[in-house]
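Chains as they are written, first to last, in the working numbering: chain A, 6 to 349; chain B, 6 to 349.
Everything on this sheet refers to the single structure shown next.
Number of protein chains: 2
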Amino acid sequence: MTRRPTKTITIKTVAELAGVSPMSVSNVLNNRHKVRESTRQAVMDAVKTLNYSLNPAAKSLAGSGMTRIGLMYRNIENAFLSSILIGSLETTNRMGAQLLLQPLEVGDVGEVAAGIQTLISNGANAILIAPPYCEIANSHGLTKDAPVPIVALSPGDDLSEEYCIRIDDFAAARDMTRYLIGLGHKDIGFIRGAEHHLISRTRRDGYMAALRDAGIAIRPELIVDGDMSFESGLDAAQTLLGLAVRPTAIFASNDDVAAAVTSLAHRKGLDIPRDLSVAGFDDTPIAVKIWPALTTVRHPGARIASEAATLGIMLARGGTAPVKSATHLDYMLAIRESTAPPPG
Amino acid sequence: MTRRPTKTITIKTVAELAGVSPMSVSNVLNNRHKVRESTRQAVMDAVKTLNYSLNPAAKSLAGSGMTRIGLMYRNIENAFLSSILIGSLETTNRMGAQLLLQPLEVGDVGEVAAGIQTLISNGANAILIAPPYCEIANSHGLTKDAPVPIVALSPGDDLSEEYCIRIDDFAAARDMTRYLIGLGHKDIGFIRGAEHHLISRTRRDGYMAALRDAGIAIRPELIVDGDMSFESGLDAAQTLLGLAVRPTAIFASNDDVAAAVTSLAHRKGLDIPRDLSVAGFDDTPIAVKIWPALTTVRHPGARIASEAATLGIMLARGGTAPVKSATHLDYMLAIRESTAPPPG
DNA sequence: AAACAAAAATGTAGCGCTACATATATTTCC
DNA sequence: GGAAATATATGTAGCGCTACATTTTTGTTT
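Take a look at the structure:
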């Protein structure tokens, strides 16, 4: 009488058709054990006839609702982010949780704060944050007293206020640089990532550490800025290859940039790896789709996201929180065809 | 007294703190217009103090719930699918709907049917289906009397039982082939897509139509199978480049396969485009990240997904359905550096 | 067959919110 | 200043489901 007259099919409709009580229908549909086979059949038949399914909102309201995991990330087409998406999705799916996505456009502090707020409003019980937002959120104290647990995906360093799942970027960059040094390279160019990614600094530190360890003087002009995009890689490569004493190897902060270096080198008639070695970072699909296949660092985005989602779900479901600490996953060097000893 | 004692913060808690009725809190939080500024302030203060946000399940149950759009797709790392994900996400976000993701592993009929069922159980009010599942679902009548509207994303042809958003794959493939013919090519290899993609057939038909129109005899050995993966592209390229009379141009069913052709050609010491022209399809990011940059067909995945999501949301919200018909978006040829007149 | 135990089915009372109707405060106008 | 018009606030009655307690049925034992 009040309200729009609803002709919705409810659990009651089904109960009437099946000739049982609503609770029995609920019991069947949630396969709780205490239902006689005949009843189950009757209910299932009615369900099929009515093409019925439980209302998730009501279910959630009444009972123990579905676990919702929020994922906040930069809305750009980027293979590493893709793998994070895939990984979180796969895990939330497998564990019966729901993934709420929150893509951000710009990524200033305000947008990050608003994004967290939106996710919480939408019922997120835990939040995963991809870089660089995990770092921004942390450094601005946005996660300090968040009402839900926060997990940082692959931040550039262990973060104080968030759970972290990452690889040791410093060690990985150092190892790759060492590998290049081991091949005989001394003039190794390095293309930095985006300014605001903590990762950019960490990886560069690894590169410098390896040089220092090997007693090779650091030539500042060999370290050029980029922003992790293919285009910025083209510019950076232009700079490096235009140097009077040009590097015999270039280590880029990610695979897209390394692909750009490869592309520009080809344009300039350089043979890779004979004239120039190129190394990337992340091991995204493009690494094996360019020629020559790229030597790079395997950065398991999907696994990081998967671990993070698992942690988030556990925490959301009231699991005991381990000490707020960082988990370091393994990385490894994927040595392919783009690196070789320097010419001569 | 019954039930777990809940200490949840509800709208009532907020109302008490703010000294108003629960309804006023509701009115403020849904910014309905009829609230005095002083009341709004009081409520907002209480909300902030309690760090409160509305329970979405209850909101959804009580009122006009949130629109949920399901997206079913193949769970593989693939740039075109990525762009579909991004596009749907962006639009659902912008229109205040929620995206429910349903990645499929294998894709037999059973899994597709189950996926649709799951989405509906999870409250999807409309479902978007990416290829090849839209075609599978359609051909097996899975969408015939679905309780929610179904939108096919970029199927290979107009589908009878679903709304379709796509480009004219036939015409696009024909145009690209014509372009190659226009450059002077006569021996044009074609690498087909996956068997079960309707798209594979449609694109091949376009290729054949262009040859026929130009009066060029079709050499069946120039048409080889692939499955749209980089690896299959390597095999197909091996076959084509091993031919006694080898093609002077190769048109691949997607960019990954074209990248594989490029890679293999380089390995064999061929210069692209001098010795061999290569064309792809989709214009995914890799097209401009390999060298030489790939001539390809721009297939606007994000826009397709965006249009589809818009349609789905409109239908879900009770908008009038246009006649169940297909929308054709524009495609265009992206002419880059991988194509040139044949040698000699 | 009565007495008890276990299994199965049901009734009741909300979960936290909003639509709608109703009640109260404020403004407008003559 | 008071009636009418308007703006604002509040009560009531569920939305569709499930936890828990209760009742009914079925099975087991002596």
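Yeah, the Cβ is synthetic: ideal placement off N, Cα and C, and Gly gets one too.
With respect to A/P108, B/L158 sits apart: the two C-beta atoms are not nearer than 7 Å.
A straight line joining the alpha-carbon of B/F286 with that of B/L86 spans about 14 Å. Residue pairing by DSSP puts B/L133 in a beta bridge opposite B/L76 and B/V156. For the region 124-143 of chain B, the set of positions with a beta-carbon nearer than 9 Å to some beta-carbon of chain A reads I125, S126, N127 and G128 in chain order. By the C-beta criterion, the region 114-128 of chain B is judged not to be in contact with the region 328-344 of chain B, since fewer than 3 inter-stretch pairs fall below 8 Å. B/M28 sits exposed, since fewer than 16 C-beta atoms from the chains shown fall within 10 Å of its C-beta.
Neighbours of A/R272 in chain B, taken as residues at a C-beta separation under 8 Å, are given in chain order as W296.
Taking 7 Å as the cut-off, the Cβ atoms of B/R171 and B/P160 count as close. With a threshold of 7 Å between beta carbons, A/P305 makes no contact with chain B. Taking the Cα of B/F175 as reference, the smallest distance to any Cα among B/L185, B/A214, B/I196 and B/D150 is reached at B/A214.
Contact between A/Q243 and A/L269 holds: their C-beta atoms lie close to 6 Å from each other, under 8 Å. Cβ atoms of A/L147 and A/V117 come within 8 Å of each other, at about 6 Å. Interface criterion met: the Cβ of A/I291 is under 7 Å from a Cβ in chain B.
Beyond the five residues adjoining it in sequence on each side, B/V250 comes within less than 7 Å, by CB distance, of D192 in the same chain, given in chain order.
Here DSSP, grouped into helix, strand and coil, assigns A/T332 to strand. The alpha carbon of B/F235 has as its nearest neighbour, out of B/I196, B/L55 and B/R79, the alpha carbon of B/I196. Residue contact check for A/F235 against chain B: a CB pair falls below 7 Å. In this model, A/S282 and B/S282 are separated by some 27 Å (Cα to Cα).
Note that the region 131-139 of chain A touches the region 62-79 of chain A; at least 3 beta-carbon pairs, one per stretch, sit closer than 8 Å.
Nearest in C-alpha terms to A/L188, of all of A/T18, A/S205, A/P346 and A/A20, is A/P346. The residues A20, in chain order, have a CB closer than 7 Å to that of B/S26 in the same chain once the five nearest residues on each side in sequence are set aside.
DSSP, reduced to helix, strand and coil, places B/P305 outside both helices and strands of the structure shown, so it counts as coil.
For A/M337, DSSP records a beta bridge to A/R303. If you ignore the 5 residues before and after B/V33, its C-beta comes within less than 6 Å of the C-beta of V40, R45 and V48, all in its own chain and listed in chain order. The C-alpha of A/P348 is placed about 32 Å away from the C-alpha of B/D261.
Using a Cβ-Cβ cut-off of 7 Å, B/L147 does not count as an interface residue toward chain A, since no Cβ of chain A sits closer than that to its own. Beta-bridge analysis with DSSP links B/S282 to B/A254. Interface flag for B/L94 against chain A is set, since a Cβ pair is found closer than 7 Å. As the crow flies, the alpha-carbon of A/T96 is around 30 Å from that of A/I295. Residues of chain B with a Cβ closer than 9 Å to the Cβ of A/E166 do not exist; the shortest Cβ-Cβ separation is about 16 Å. Between A/T332 and A/E312 a beta carbon distance of about 6 Å is seen, short of the 8 Å cut, so the two are scored as contacting. In the DSSP annotation of this structure, A/L275 is not part of any beta strand (DSSP E), being labelled neither H nor E. Here the alpha carbons of B/S65 and A/K64 stand approximately 11 Å from one another. Setting aside the 5 residues that flank it on each side, B/I228 is surrounded in the same chain by F195, each with a C-beta closer than 6 Å to its C-beta; the list follows chain order.
Inclusion of A/A254 and A/L185 in the CB contact set at 7 Å is warranted, their separation being smaller than that value.
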